[in-house]
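Student: When we follow this note's numbering, the leftmost residue of the first sequence carries the number 5, and every step to the right adds one.
Shown below is the structure under consideration.
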Amino acid sequence: MSPMRLSQAFLPTRKEDPADAEVVSHRLLVRAGYIRMIARGIYTFLPLGWRSVRKIEAVVREEMDRAGALEIMMPAVQPAELWEESGRWDEYGPELLRLTDRKGADFCVGPTHEEVVTDLVRGDIKSYKQLPINLYQIQTKFRDEVRPRFGLMRGREFVMKDAYSFDVDIESAETSYQAMFDAYHRIFQRLGFEYRAVEADTGNIGGSTSHEFQVLADTGEDEIVSCSQCGYAANVEKAEIRVDATDREDVELHPTEKVPTPNASSISDVAAFLDKAPQEIVKTLIFQAEETLVAVLLRGDHDANPIKIATYLRDHTDIEVGDLHLATDAAITKATNAPVGFAGPVGLSIPVFADLAIRPLANFTVGANEADTHLLNVNYDRDFQVTAFADLRLAREGDACGRCGGALTSHRGIEVGHVFLLGDKYSRSMEAHFLDQNGRHQPMQMGCYGIGVTRILAAVVEQNHDDDGIIWPMAIAPYHAILTVLHPDNEDVMAIANDYYQQLQDAGVEVLLDDRNAGIGAKFKDADLIGIPLRVTLGARGVKEGQAELKLRHAPDKEFLSIDDVVPRVIDEVHSALHKS
RNA sequence: CGGGGCGUGGCGCAGUCUGGUAGCGCGCCUGCUUUGGGAGCAGGAUGUCGCAGGUUCAAAUCCUGCCGCCCCGACCA
């Protein structure tokens, strides 16, 4: 049994905020003695922190088991050959931590386990009779993130639950996907989150359908939009918007005019300098596709969506897209013959794609492809040719929902779960085949499903804290209750405290006993900081009057109970809180 | 990788500009007192000043290189 008497515990709380912590979850988890950083993005979990991690794991495990998934444990270190087979040894990039063993063989520390699980399954599953199957593990992953930050929210090493489903066909795979989708809802409801399941891009995992589970928090790294009318919700990377692609009205097209705009290279600079609204200015972004450059026109107040642009180019043009990204300064300068910040569509020799919002515009302002110069009264068709109009911009608050036209609202979110319908991407390249009823070889249809266990710990704190510290939901609090003994030297008081301690443990309540010979203020501050849901305070005065105090962490009021009523009351509070979720 | 900032006892920081005994608060140890919101008094321990090299009689401080960490950006299941 782990030490639950604080006099013997390892609970290094801090009075002051750590200097390097920006977000509240990072600050509080360090201050309250839950985590310690050992290297950038790599943390040790201390006793309280690890207990909460294990509680999160337990919820995840229960719901995965309930959904029929089977728990396994795959290796953290994986041979390069498997990644070469799937093609990701070259594709994955520097985020993959690569190792060499003493014989010079290449390995990586697993950032995900599609290759290993596919290899496992192809070796031992040969018949449709063995399908479907869903295997999962809860394990430490490593991704050498470009920029780890915000404590556990974007660490390099983290605990993740990853599950993989294998089915005989797409329809069956969709059923497996739906089962995971439903299990995820149960998990995040039990954890007490305010969250959204949103449609998402599949990124370099690949596949067709994908949903992210986003915990709503201002500090979240993702932006999501949801429709108030039809329930559509999506990551802005993916969010479809409805744009009325009206042609420009039949207005007079003024002659183009070249104007000096010294040092005004950003939209806000140009708008201020020319005394125009950003909406009257059109920005020209130069993107680098695999081999070629393309120009993208957007209204000055809009932001580009590189994912939509890449998808459009792939689906509607012959351009080899590759890893689409903003062109380097050197490439931009070469393409426009001008410094960065003055690009415009007039006279460009690369294809020009325009966002649908450009279509109604007439007599707009663009860069002149010349230093410190812009062009006024520019019009498409007359002054330059648009290769195609398309929806290329990032959705934002107030845009029309792509499904129903209702208004979209925007939130920040922390991605705590992601489900993908993979199809046969890995099973085909790695030859994970089975024999169907007709004796034919078929690739299995896969899905993969991740939950960021340690990221959840941070997300819970983001949503559950106050100025004094963490406020754990009962389900993942490291302990349910804390007995704060104000006068541990007083034998009468200690006798009652020890009695409570024993009775509560016997009743299955996880209880901390603060028997430290510390200042009273320190004990209260620590109890609040570490966020234990229930606090029972025992002092000499109260005990003499036959009373003890009960305080719920999430409520402001204290309640005085007679000595005999405390234990049953605490048991009752714990049980009702646990069963509610 | 680009821009900015930082690195001094376990934690938070001052000292660096203008070179000359390494400091403060918290924490820690001992003793006494204290006990309803981070207790008081007295005594005490703890530093390769990120690392390496250079300048100098003398370097935390000046110079060069490297390493690490944080923030913004690019990037990202």
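Here a beta-carbon is modelled for each residue, glycine too, at the ideal position from N, C-alpha and C.
For clarity, every value in this text was computed on a predicted model and none was experimentally measured.
Leaving out the 5 sequence neighbours to the left and right, which residues in its chain are closer than 6 Å to Thr-541 when beta-carbon positions are compared?
Tutor: Numbered from its first residue, the first sequence carries residue 541 at position 537. Cβ neighbours of Thr-541 beyond the five flanking positions: Thr-488, Glu-553.
Student: If you count every other CB in all the chains shown that lies within 10 Å of the CB of Ile-486, and 16 or more means buried, which is it?
Tutor: By one-based count along the first sequence, residue 486 stands at place 482. The residue in question, Ile-486, is buried, as its Cβ has 16 or more Cβ neighbours within 10 Å.
Student: In the DSSP assignment, what are the bridge partners of His-422?
Tutor: Here the question's residue 422 lines up with position 418 in the first sequence. Its beta-bridge partners are Glu-216, Gly-454.
Student: At the level of alpha carbons, what is the spacing between Thr-122 and Glu-89?
Tutor: Against the first sequence, residue 122 aligns to sequence position 118. Against the first sequence, residue 89 aligns to sequence position 85. Approximately 11 Å, taken between the alpha carbons.
Student: Can you give the Cα-Cα distance for Gly-127 and Gln-446, rounded to whole angstroms?
Tutor: As a working mapping, residue 127 is identified with position 123 in the first sequence. As a working mapping, residue 446 is identified with position 442 in the first sequence. Computed Cα separation, rounded: 14 Å.
Student: Looking at C-alpha atoms only, which residue of Val-229, Arg-190, Asp-518 is the closest neighbour of Ile-60?
Tutor: As a working note, residue 60 is residue 56 in the first sequence. Closest by alpha carbon: Arg-190.
Student: At which residue ranges does the segment 124-202 contain complete alpha helix (DSSP H) runs of 4 or more residues, listed in the order of the chain?
Tutor: You should have 174-194.
Student: Over what stretch of residues does the beta strand (DSSP E) that includes Phe-438 continue unbroken?
Tutor: On the first sequence, position 434 is the one that residue 438 refers to. It spans 437-439 - the beta strand (DSSP E) in which Phe-438 sits, taken as one unbroken run.
Student: Only counting runs of 3 or more residues, tell me where the beta strand (DSSP E) segments fall wholly within the segment 21-100, in order along the chain.
Tutor: Correct list: 39-43, 46-49, 81-83.
Student: Go to Glu-401, then tell me how far its alpha helix (DSSP H) extends in each direction, as first and last residue.
Tutor: Locating residue 401 in the first sequence gives position 397, counting from the first residue. Glu-401 -> no alpha helix (DSSP H), and no H or E assigned at all.
Student: For the 8 Å Cβ check, are there 3 or more pairs between the segment 44-59 and the segment 13-23?
Tutor: Judged by Cβ distances under 8 Å, the segment 44-59 makes contact with the segment 13-23, as three or more pairs qualify.
Student: Compute the Euclidean distance between the alpha carbons of Ile-460 and Gly-421, then round it to the nearest angstrom.
Tutor: Taking the first sequence and counting its residues from 1, one reaches residue 460 at position 456. Taking the first sequence and counting its residues from 1, one reaches residue 421 at position 417. The straight-line gap from Cα to Cα measures roughly 9 Å.
Student: Where are the beta strand (DSSP E) runs, 3 residues long or more, that stay fully inside the segment 260-300, in chain order?
Tutor: If we require 3 residues or more, the beta strand (DSSP E) runs fully inside the segment 260-300 come out as 261-264, 286-292.
Student: Quick one: what's Asn-468 bridged to in DSSP?
Tutor: Looking up residue 468 in the first sequence gives position 464. None, per the DSSP bridge assignment.
Student: List the endpoints of the continuous beta strand (DSSP E) containing Glu-446.
Tutor: Counting from 1 along the first sequence, the entry for residue 446 is found at position 442. Looking at the sequence shown, residue 446 is not Glu but Gln. Here the beta strand (DSSP E) through Gln-446 covers 445-447.
Student: Please name the residue, chosen from Gln-551, Ala-361, Glu-577, that lies closest to Asp-251 on a Cα-to-Cα basis.
Tutor: Here residue 251 refers to the residue found at position 247 when the first sequence is read from its first residue. Nearest option by C-alpha distance: Ala-361.
Student: Which residues bound the beta strand (DSSP E) around Leu-554?
Tutor: Translated into the one-based positions of the first sequence, residue 554 becomes position 550. Residues 551-556.
Student: Taking Val-574 as part of the alpha helix (DSSP H), name the residues at either end of that continuous run.
Tutor: By 1-based counting over the first sequence, the position of residue 574 is 570. Taken as a continuous stretch (DSSP letters only), the alpha helix (DSSP H) holding Val-574 covers 570-584.
Student: Relative to the C-alpha of Ile-174, which candidate in Lys-429, Pro-537, Gly-443 has its C-alpha closest?
Tutor: If you number the first sequence from 1, residue 174 lands on position 170. Ranking Lys-429, Pro-537, Gly-443 by Cα distance to Ile-174 puts Lys-429 first.
Student: Tell me, please, which residues DSSP counts as bridged to Glu-227.
Tutor: Indexing the first sequence from 1 puts residue 227 at position 223. DSSP, once it has assigned bridges, lists Arg-416 as partnering Glu-227.
Student: Is the separation between the beta-carbon of Lys-262 and that of Ile-311 shorter than 9 Å?
Tutor: For this step, residue 262 is matched to residue 258 along the first sequence. For this step, residue 311 is matched to residue 307 along the first sequence. No, the pair does not count as a contact, with Cβ atoms beyond the cut-off.
Student: Mark Arg-1 as exposed unless 16 or more other C-beta atoms lie within 10 angstroms of its C-beta, in which case mark it buried.
Tutor: The structure shown does not extend to residue 1, since the chain is modelled only from 5 to 585, so the question has no answer here.
Student: Residue range of the alpha helix (DSSP H) that Phe-346 falls in?
Tutor: Position 342 of the first sequence, counted from the start, is the residue given in the question as residue 346. Run containing Phe-346: none; DSSP gives neither H nor E here.
Student: Ignore the nearest five residues each way along the sequence and tell me which others in Leu-2's own chain have a CB closer than 6 Å to its CB.
Tutor: Not covered by the structure: residue 2. The range shown for the chain is 5 to 585.
Student: Using CA atoms only, rank isn't needed, just tell me which of Val-255, Val-247, Phe-217, Leu-33 is closest to Val-382.
Tutor: Against the first sequence, residue 382 aligns to sequence position 378. Of the candidates Val-255, Val-247, Phe-217, Leu-33, the one whose C-alpha sits nearest the C-alpha of Val-382 is Val-255.
Student: Less than 6 Å between C-beta atoms, sequence neighbours within five positions excluded: which residues of the same chain meet that for Ala-511?
Tutor: Here residue 511 refers to the residue found at position 507 when the first sequence is read from its first residue. Same-chain partners within the cutoff: Ile-575.
Student: On the three-state DSSP scale, how would you describe Asp-518?
Tutor: Numbered from its first residue, the first sequence carries residue 518 at position 514. The answer is strand: DSSP assigns Asp-518 an E or B state.
Student: Going by C-alpha distance, which of Ile-323, Arg-102, Ala-544, Leu-139 is nearest Phe-294?
Tutor: The sequence position of residue 294 within the first sequence is 290, counting from 1. Note on identity: in this sequence residue 294 is Glu, with Phe being the wrong assignment. Checking every option, the nearest Cα to that of Glu-294 belongs to Ile-323.
Student: How long is the line joining the alpha carbons of Pro-343 and Ile-534, rounded to whole angstroms?
Tutor: For the purposes of this step, residue 343 is identified with residue 339 of the first sequence, where counting begins at 1. For the purposes of this step, residue 534 is identified with residue 530 of the first sequence, where counting begins at 1. Cα to Cα, Pro-343 sits roughly 54 Å from Ile-534.
Student: Quick one: using the 10 Å Cβ neighbour count with 16 as the cut-off for buried, is His-583 buried or exposed?
Tutor: For the purposes of this step, residue 583 is taken as the residue at position 579 of the first sequence. Label assigned to His-583: exposed.
Student: Measure the Cβ-Cβ separation of Tyr-168 and Gly-443 and say whether it is below 9 Å.
Tutor: Looking up residue 168 in the first sequence gives position 164. Looking up residue 443 in the first sequence gives position 439. The answer is no: Cβ separation not under 9 Å.
Student: Contact between the segment 128-144 and the segment 61-77: three or more CB pairs below 8 Å?
Tutor: These segments touch.
Student: Helix, strand or coil for Asn-502? Go by DSSP, reduced to three states.
Tutor: As a first step, residue 502 must be located in the first sequence, where it is residue number 498. Note: Asn-502 maps to helix in three-state DSSP.
Student: By DSSP, does Gly-410 sit in helix, in strand, or in coil?
Tutor: Here residue 410 is taken as the residue at index 406 of the first sequence, counted from 1. Coil at Gly-410, not helix or strand.
Student: Measuring alpha carbon to alpha carbon, tell me which of Ala-544, Gly-371, Val-219 ends up nearest Ala-2.
Tutor: Lying outside 5 to 585, the shown extent of the chain, residue 2 is not represented and no answer is given.
Student: Out of Asp-471, Arg-520, Val-423, Asp-472, state which residue places its alpha-carbon closest to the alpha-carbon of Asp-205.
Tutor: Your numbering for residue 205 matches position 201 in the first sequence. Per the Cα distances, Val-423.
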